[in-house]
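*Asks:* Its first residue numbered 0, the sequence shown is counted upward by one per residue in numbering that gives the first Met the number 0.
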Amino acid sequence: MRRRPAEYRRPVRRRLSQWIWALIGMFLIAGLVLFVFLHNHHEDQVNQPIMGEHAIKRGGFNFTKEILNASSFSRQLAEQMTLAKAYVIIAKEHNNLHLAWELSKKIRSCQLLLSKAAMRGEPITVEEAEPIISSLSYLIFKAQDAHYDIATTMMTMKSHIQALEERTNAATVQSTLFGQLVAEVLPKSLHCLKVKLINDWLKQLPLQNHAEEKRNSPRVVDNNLYHFCIFSDNILATSVVVNSTVCNADHPKQLVFHIVTNGISYGSMQAWFLTNDFKGATVEVQNIEEFSWLNASYAPVIKQIIHQDSRAYYFGADQDMKVEPKLRNPKYLSLLNHLRFYIPEIYPLLEKIVFLDDDVVVQKDLTRLFSLDLHGNVNGAVETCLETFHRYYKYINFSNPIISSKFDPQACGWAFGMNIFDLIAWRKENVTAQYHYWQEQNADQTLWKLGTLPPALLAFYGLTEPLDRRWHVLGLGYDMNIDDRLIDSAAVIHFNGNMKPWLKLAISRYKPLWESFLKEKERVLYHRGFKFTREELLGIQFWLMGFPFPFC
0 MRRRPAEYRR
10 PVRRRLSQWI
20 WALIGMFLIA
30 GLVLFVFLHN
40 HHEDQVNQPI
50 MGEHAIKRGG
60 FNFTKEILNA
70 SSFSRQLAEQ
80 MTLAKAYVII
90 AKEHNNLHLA
100 WELSKKIRSC
110 QLLLSKAAMR
120 GEPITVEEAE
130 PIISSLSYLI
140 FKAQDAHYDI
150 ATTMMTMKSH
160 IQALEERTNA
170 ATVQSTLFGQ
180 LVAEVLPKSL
190 HCLKVKLIND
200 WLKQLPLQNH
210 AEEKRNSPRV
220 VDNNLYHFCI
230 FSDNILATSV
240 VVNSTVCNAD
250 HPKQLVFHIV
260 TNGISYGSMQ
270 AWFLTNDFKG
280 ATVEVQNIEE
290 FSWLNASYAP
300 VIKQIIHQDS
310 RAYYFGADQD
320 MKVEPKLRNP
330 KYLSLLNHLR
340 FYIPEIYPLL
350 EKIVFLDDDV
360 VVQKDLTRLF
370 SLDLHGNVNG
380 AVETCLETFH
390 RYYKYINFSN
400 PIISSKFDPQ
410 ACGWAFGMNI
420 FDLIAWRKEN
430 VTAQYHYWQE
440 QNADQTLWKL
450 GTLPPALLAF
460 YGLTEPLDRR
470 WHVLGLGYDM
480 NIDDRLIDSA
490 AVIHFNGNMK
500 PWLKLAISRY
510 KPLWESFLKE
520 KERVLYHRGF
530 KFTREELLGI
540 QFWLMGFPFP
550 FC
């Protein structure tokens with residue numbers, strides 16, 4: 000029989016083997032198990048958001064808002080606790096110690112409940128609050144029933160508040176006074192430096208001869224050089240001013256420094272500047288006591304300084320505590336502080352000079368100040384009226400008709416401490432005479448209280464040329480938040496304020512700016528102090544008592 004072709008053949012039915020059926024069964028079972036697992040997991044996820052929602056609420060619980068909510072139990076407890084504290088004080092004053100003890104006990108329970116609520120992050124429930132609120136309400140009612148009414152409570156609390164305010168004010172005044180004392184006291188290291196230098200000055204006669212030679216040097220009156228004046232009795236501070244100026248000068252040999260100090264510091268100041276070199280700069284030291292022309296008949300400020308009432312104001316036992324302690328600083332009795340108004344008389348042959356306070360540090364070359372155009376004005380200074388409290392009306396009493404008729408209360412104040420003076424214009428405008436006039440008008444201290452800036456604002460009114468702010472940055476003696484970029488860009492930084500850089504209460508952030516210009520010898524003496532022989536100490540004591548110095 001003939002076979003059909005392959006394409007016409009009927010397909011052969013093949014049976015699946017048993018292992019294939021087993022594999023399919025396993026897949027079905029696995030799918031069923033997976034379905035059950037996913038179903039249970041879905042149910043867990045459905046329940047999980049509820050738990051998460053509670054967790055979010057719990058984590059986001061704001062106890063401050065809760066205690067401020069008028070309808071919350073926390074608010075009720077806080078208010079009852081405050082009232083209970085007042086009744087505790089009143090009960091103790093009336094010798095009802097048992098009631099005071101009961102109230103204190105409930106107050107502690109209330110504080111414990113509030114702290115627990117804050118820790119767990121959940122509001123206080125009715126069951127928790129009801130027992131304490133009820134018991135506190137009963138005790139408060141009991142206190143009120145004992146005639147501790149609201150009026151008595153208010154009077155008692157008012158007296159306690161007044162007592163606390165008086166104690167706070169007294170502590171504030173005391174703290175300010177202590178701070179002022181610290182700012183005025185000369186550190187031991189600086190005192191020892193001065194004593195050591197006095198010893199050197201009195202023992203070494205060649206130093207005194209050298210000082211006389213420098214005084215007669217033609218450089219001190221040469222108007223082709225750059226002249227700076229400093230009036231101070233602080234040797235270390237003056238040295239830093241001089242050193243920082245010469246270190247930042249392009250041509251330090253062209254600088255001349257004129258230092259005026261008092262009789263006590265004259266020898267030590269001379270000894271220091273004669274035994275140290277400042278890159279070839281000339282340093283002249285003068286004694287204010289040698290200015291015979293500066294007397295009470297010429298300068299009204301001297302009359303005020305030596306007046307008995309003025310000295311009692313600063314040093315008297317019965318001082319008005321309402322007056323700010325900084326306004327009783329004895330520096331205002333120092334004639335060195337007022338010497339800045341007599342610069343043309345001290346240096347009659349000079350034409351331009353830069354005045355520097357002893358609490359400044361120079362960071363740029365200051366010789367460019369001498370080429371600035373002051374437009375005919377006497378004083379070049381940085382204005383300080385960026386803040387409203389540096390206007391004229393903040394320094395001077397404009398209720399006086401003499402002041403209000405001549406000056407603008409909104410006029411801008413300016414800073415002393417780094418000023419360029421045109422001494423030719425000064426003499427032409429007779430600024431010193433204006434200063435004398437206003438000092439005489441203020442003999443009773445009704446125009447201004449103290450200081451040199453108020454009379455300067457009056458004497459130099461209309462004669463001050465504003466300088467770029469970067470020439471003089473102030474506040475390093477009291478402001479801890481001055482921008483570093485402003486400090487870096489400043490030609491002169493000023494440590495005005497009580498926190499002077501040579502004191503322990505100096506602002507640590509700014510102190511390295513000052514210490515970096517201490518000479519190595521100064522730094523060692525400043526930080527380590529001094530040691531004297533017994534003979535040296537004995538000789539210094541004899542000299543201070545008025546006897547001739549035994550080593551001369």
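A virtual CB, placed ideally from N, CA and C, is assigned to each residue, including glycine.
For Asn376 and Glu288, which I take to be in contact (beta-carbon distance under 8 angstroms), what is that distance rounded to the nearest angstrom?
*Replies:* About 33 angstroms separates the two Cβ atoms, so there is no contact after all.
*Asks:* Just tell me which of Gly279, Asp232, Leu462 has its CA closest to the CA of Phe245.
*Replies:* Here residue 245 turns out to be Val, not Phe, going by the sequence shown. Comparing Cα-Cα distances from Val245 to each of Gly279, Asp232, Leu462, the minimum goes to Gly279.
*Asks:* So, using beta-carbon positions, are Ala99 and Ala90 closer together than 7 angstroms?
*Replies:* yes
*Asks:* Taking all protein chains shown into account, do 16 or more other C-beta atoms lie within 10 angstroms of the C-beta of Asn294, making it buried, or fewer, making it exposed?
*Replies:* exposed
*Asks:* Helix, strand or coil for Thr281? Go by DSSP, reduced to three states.
*Replies:* strand
*Asks:* Say whether the region 158-165 touches the region 99-108, bearing in mind that this needs 3 or more beta-carbon pairs closer than 8 angstroms, one atom from each stretch.
*Replies:* no
*Asks:* In angstroms, rounded to a whole number, what distance separates the CA positions of Met50 and Ser114?
*Replies:* Here the model assigns Met50 a pLDDT of 36, short of 50, so the residue's position is not dependable, and the following value carries that caveat. Their Cα atoms are separated by approximately 24 angstroms.
*Asks:* Would you kindly work out how many angstroms separate the C-alpha atoms of Lys351 and Leu163, rounded to a whole number?
*Replies:* 57 angstroms
*Asks:* Alpha carbon to alpha carbon, how far is Asn378 from Leu462? Give it in angstroms, no decimals.
*Replies:* 6 angstroms
*Asks:* Give the secondary structure of Glu350 by DSSP, where H, G and I count as helix, E and B as strand, and everything else as coil.
*Replies:* coil
*Asks:* Is DSSP giving Leu254 helix, strand or coil here?
*Replies:* strand
*Asks:* Which class does Ile229 belong to by DSSP, given the choice of helix, strand or coil?
*Replies:* strand
*Asks:* If you measure between the beta carbons of Ala380 and Trp425, is that distance less than 7 angstroms?
*Replies:* no
*Asks:* What residue does the alpha helix (DSSP H) around Met594 start on, and which one ends it?
*Replies:* The chain is shown from 0 up to 551; residue 594 falls before or after that span and cannot be answered.
*Asks:* Within a Cβ cutoff of 7 angstroms, which residues of the same chain sit near Arg57, ignoring the five residues on either side of it in sequence?
*Replies:* With a pLDDT of only 44 at Arg57, under 50, the local geometry of the prediction cannot be trusted, and the value read off the model is given with reservation. Sequence-distant partners of Arg57 (beyond 5 residues in either direction) whose C-beta falls short of 7 angstroms from its own C-beta, in its chain, are Gly120, Glu121.
*Asks:* In whole angstroms, give me the CA-to-CA distance for Thr387 and Asp407.
*Replies:* In this prediction, Thr387 scores a pLDDT of 49, lower than 50, which makes its location untrustworthy; the coordinate-derived value is nonetheless stated afterwards. When rounded, the distance between both Cα atoms is 14 angstroms.
*Asks:* Would you list the one or two residues that DSSP bridges to Ile419?
*Replies:* Answer is Val353, Gly379, bridged to Ile419.
*Asks:* In whole angstroms, what separates the C-alpha of Lys104 from that of Glu127?
*Replies:* Cα-Cα distance, rounded: 16 angstroms.
*Asks:* Is DSSP giving Arg390 helix, strand or coil here?
*Replies:* It is a strand residue.
*Asks:* Under a Cβ-count criterion, where at least 16 other Cβ atoms within 10 Å of its own Cβ denotes burial, should Pro453 be classed as buried or exposed?
*Replies:* Buried, because 16 or more other Cβ atoms sit within 10 Å of the Cβ of Pro453.
*Asks:* Would you mind giving the Cβ-Cβ distance between Leu82 and Ile132, rounded to the nearest angstrom? I have them listed as a contact below 8 angstroms.
*Replies:* With 8 angstroms as the limit, Leu82 and Ile132 do not qualify as a contact, their Cβ atoms being about 12 angstroms apart.
*Asks:* What's the gap between the Cα of Gly528 and the Cα of Asp372?
*Replies:* Unreliable placement is indicated for Gly528, whose pLDDT of 48 sits below 50; no coordinate value is reported for it.
*Asks:* So, using beta-carbon positions, are Leu512 and Val360 closer together than 7 angstroms?
*Replies:* yes
*Asks:* Since Pro511 is in the beta strand (DSSP E), which residue starts that stretch and which ends it?
*Replies:* Pro511 -> not in any beta strand (DSSP E); alpha helix (DSSP H) instead, spanning 510-514.
*Asks:* If I'm right that Ile395 touches Ile401 with Cβ under 8 angstroms, what's the distance once you round it to whole angstroms?
*Replies:* Ile395 to Ile401, Cβ: 10 angstroms. No contact.
*Asks:* Leaving out the 5 sequence neighbours to the left and right, which residues in its chain are closer than 6 angstroms to Asp232 when beta-carbon positions are compared?
*Replies:* Thr260, Asn261, Ser264
*Asks:* Assuming contact is defined by CB atoms lying nearer than 7 angstroms, are Gln269 and Ala210 in contact in what I supplied?
*Replies:* yes
*Asks:* Would you list the residues sitting across from Glu464 in a DSSP beta bridge?
*Replies:* Gly379
*Asks:* Inspect the CB distances between the region 416-434 and the region 332-351 and report whether three or more fall short of 8 angstroms.
*Replies:* yes
*Asks:* Using the three-state DSSP reduction, which class does Ile301 fall into: helix, strand or coil?
*Replies:* Of the three classes helix, strand and coil, the one that applies to Ile301 here is helix, per DSSP.
*Asks:* Quick check on the DSSP output: the alpha helix (DSSP H) that includes Ile131 runs from which residue to which?
*Replies:* 125-144
*Asks:* According to DSSP, Val259 sits in a beta bridge with which residue or residues?
*Replies:* Phe230, Gln285
*Asks:* Whose CA, out of Gln440, Pro251, Val472, lies closest to the CA of Arg484?
*Replies:* Val472
*Asks:* So, at 8 angstroms on beta carbons, what are the nonlocal neighbours of Arg508 in its own chain, with the 5 sequence-adjacent residues on each side left out?
*Replies:* Met479
*Asks:* At which residues does the alpha helix (DSSP H) containing Val430 begin and terminate?
*Replies:* 430-440
*Asks:* When DSSP labels each residue in this structure, what does Cys191 get in the three-state scheme?
*Replies:* Note: Cys191 maps to helix in three-state DSSP.
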